[in-house]
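Okay, structure first, notes after.
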């Protein structure tokens with residue numbers, strides 16, 4: 001044991017001189033010379049070597065040596081706290097929290113440093129858990145009142161107009177039978193029917209049928225599906241549909257403008273004001289008489305503190 005202590009003392013001198021590699025060699029020698037039954041001394045040697053590894057930012061080795069120190073001396077606060085810091089560097093948040101909690105308890109919550117680390121890791125873990133829960137949550141349809149309120153913020157929106165308004169105008173008066181047959185076979189028109197009945201849960205699936213069949217109302221179905229994806233909080237699913245409608249140069253300009261407004265609003269929620277502004281400006285370019293463009297762009301400009309420009313849009 002005397003030789004082991006001498007090696008440790010030599011290591012301490014190297015450590016204080018900043019010669020960490022040499023210190024590690026001395027602590028390793030102390031560990032090998034120490035009688036195995038001398039738990040307390042052995043744990044100190046491992047903890048000292050961990051401190052030298054810490055200076056070299058070798059976090060895995062720090063954690064390993066601290067583990068050996070704690071196995072030999074379960075209430076070794078210094079080793080527990082050093083391992084907690086190593087786990088933090090290795091992004092092992094759960095293990096870090098376990099160690100730092102043990103430290104706080106052993107110190108009777110008197111040490112500011114360990115309590116600050118515990119608080120920091122708890123917050124990080126909480127954010128991770130919340131993010132994971134949000135990611136895996138089941139999309140929920142908002143209340144009918146919320147959906148009606150959302151659609152009422154648009155005055156120039158084809159997909160929210162009553163069933164067959166503007167759609168039957170393409171049919172000759174002597175083809176009423178054919179029109180009802182189209183309604184029967186069109187996923188989009190069924191989706192519109194469900195919309196009038198406030199049976200909102202079926203709208204995405206019926207719109208999808210129209211899209212997959214490449215039906216005559218494909219652009220409308222894409223926009224309707226995207227809108228309901230946005231309503232249930234699934235922006236990543238909505239974006240490809242909106243992109244497709246916007247790129248359809250032969251689609252009704254009202255549909256494309258509406259898709260641009262919705263994508264612009266989505267970008268704003270994602271804190272991408274440049275992309276948002278681009279979409280609203282493009283909507284104004286392709287459909288300058290569309291009141292919805294100015295109403296929603298005005299709201300964007302208020303959020304961006306562009307009050308005078310917002311007033312101009314609201315005046316439009």
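In UniProt numbering, the protein residues as written are 1 to 316.
Virtual Cβ for every residue (Gly too), placed ideally from N, Cα, C.
Owing to the predicted nature of the structure, the values given are computational and were not obtained by experimental measurement.
{"query": "Alpha carbon to alpha carbon, what distance is there between residue 117 and residue 246?", "result": "49 Å"}
{"query": "Looking at the structure shown, is residue 258 part of a helix, part of a strand, or coil, going by DSSP?", "result": "helix"}
{"query": "Quick check on residue 18: does DSSP put it in helix, strand or coil?", "result": "coil"}
{"query": "Got a sec: is the Cβ-Cβ distance from residue 56 to anything in chain B below 9 Å?", "result": "Of the chains in the structure shown, none is chain B; there is only one protein chain."}
{"query": "Any idea if residue 155 is buried or exposed, counting beta-carbon neighbours within 10 angstroms, 16 or more meaning buried?", "result": "exposed"}
{"query": "Output the distance between the C-alpha atoms of residue 200 and residue 138, rounded to the nearest integer angstrom.", "result": "16 Å"}
{"query": "Nearest to residue 25 by CA position, among 17, 41, 7, 40, is which residue?", "result": "7"}
{"query": "Have a look at 231, 211, 76, 128 and flag the residue whose alpha-carbon is nearest the alpha-carbon of residue 107.", "result": "76"}
{"query": "Would you decide whether residue 281 is buried or exposed? Buried here means 16 or more other CB atoms lie within 10 Å of its CB.", "result": "exposed"}
{"query": "How do the stretch 135-154 and the stretch 97-116 stand: do at least 3 beta-carbon pairs fall below 8 Å, yes or no?", "result": "no"}
{"query": "Starting from residue 251, trace the alpha helix (DSSP H) both ways and give me its first and last residue.", "result": "Premise fails: residue 251 is in no alpha helix (DSSP H) and is neither H nor E."}
{"query": "With 16 other CB atoms within 10 Å as the buried threshold, where does residue 85 fall?", "result": "buried"}
{"query": "Quick one: what's got a C-beta closer than 6 Å to residue 42's C-beta in the same chain, skipping five residues either side?", "result": "34, 72"}
{"query": "Can you give me the Cβ contacts of residue 160 inside the same chain, cut-off strictly under 7 Å, excluding the 5 residues immediately before and after it?", "result": "151, 154"}
{"query": "If we ignore side chains and look at the alpha-carbon of each, how far apart do residue 193 and residue 163 end up?", "result": "6 Å"}
{"query": "State the DSSP-derived secondary structure class of residue 31, mapped to helix, strand or coil.", "result": "helix"}
{"query": "Within a Cβ cutoff of 6 Å, which residues of the same chain sit near residue 238, ignoring the five residues on either side of it in sequence?", "result": "226, 229, 230"}
{"query": "Along the chain, which unbroken stretches of the alpha helix (DSSP H) at least 4 residues long are found entirely within the stretch 34-59?", "result": "39-55"}
{"query": "Quick one: what's got a C-beta closer than 6 Å to residue 309's C-beta in the same chain, skipping five residues either side?", "result": "301"}
{"query": "Could you tell me the alpha carbon to alpha carbon distance between residue 46 and residue 20, rounded to whole angstroms?", "result": "14 Å"}
{"query": "Can you give me the Cβ contacts of residue 304 inside the same chain, cut-off strictly under 7 Å, excluding the 5 residues immediately before and after it?", "result": "273"}
{"query": "Do residue 188 and residue 221 have their C-beta atoms closer together than 9 Å?", "result": "yes"}
{"query": "So residue 82 is in the alpha helix (DSSP H); what residue range does that whole segment cover?", "result": "77-89"}
{"query": "Look at the alpha carbon of residue 115 and the alpha carbon of residue 9, and state the distance between them as a whole number of angstroms.", "result": "32 Å"}
{"query": "On the CB-based measure, 16 or more other CB atoms within 10 Å of its CB, does residue 174 come out buried or exposed?", "result": "Confidence at residue 174 is low in this model, with a pLDDT of 38, below 50, so its placement is unreliable and no value can be given for it."}
{"query": "Which stretch, first to last residue, makes up the alpha helix (DSSP H) that contains residue 273?", "result": "273-286"}
{"query": "Quick one, are the C-beta atoms of residue 290 and residue 254 less than 9 Å apart?", "result": "yes"}
{"query": "When the Cα atoms are used, what is the spatial distance from residue 204 to residue 147?", "result": "14 Å"}
{"query": "Which term fits residue 31, buried or exposed, when burial requires 16 or more other beta carbons within 10 angstroms of its beta carbon?", "result": "buried"}
{"query": "Let's test the definition: count the other Cβ atoms within 10 Å of the Cβ of residue 97 and tell me whether it reaches 16, buried, or not, exposed.", "result": "buried"}
{"query": "Just tell me which of 17, 144, 158, 127 has its CA closest to the CA of residue 219.", "result": "158"}
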